[in-house]
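Heads up: the sequence shown begins at 15 in our numbering, then just goes up one per residue.
Using N, Cα and C, we set each Cβ at its ideal position, and we do this for glycine too.
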Amino acid sequence: MSTKKTFNMDSENLTNGFQKACDAIQQSTVRITAKSGKEYISLPLLFAIVIGIIFPVAIIVAVILTLTSFIKIAVEREVKDNESGIKVIGHK
């Protein structure tokens, strides 16, 4: 017996998908820390994306510093556990 999975492309599915993506971006933060644990920058993901679009050199510098092991970049989002009501910070 086979199972068939169908995805319908309509305005409701598109709207829900876009809304979920926007909510995830708004709830996420970017943290730039040293390997020793000292936090340099913590800002919303949306703001980091805007900075990356306006100053693409900043992305290149961040990647080079990450590859040379001077800094660590993490994208974090608070996820609320529906069963117990406890908030957990998730790493992507």
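Do the CB positions of residue i and residue j come within less than 9 Å of each other?
{"i": "N59", "j": "I74", "result": "Here residue 59 is Leu; the residue named in the question, Asn, does not match the sequence. Not closer than 9 Å, so no."}
{"i": "I85", "j": "A48", "result": "yes"}
{"i": "A76", "j": "I87", "result": "yes"}
Can you pull the DSSP bridge partners for residue i?
{"i": "K86", "result": "T47"}
{"i": "L57", "result": "V44"}
Does DSSP put residue i in a helix, a strand or coil?
{"i": "I16", "result": "It should be pointed out that residue 16 corresponds to Ser in this sequence rather than to Ile. Here S16 sits in coil by DSSP."}
{"i": "K94", "result": "strand"}
Please determine if the region 54-67 and the region 38-45 are in contact, where contact requires at least 3 C-beta pairs separated by less than 8 Å.
yes
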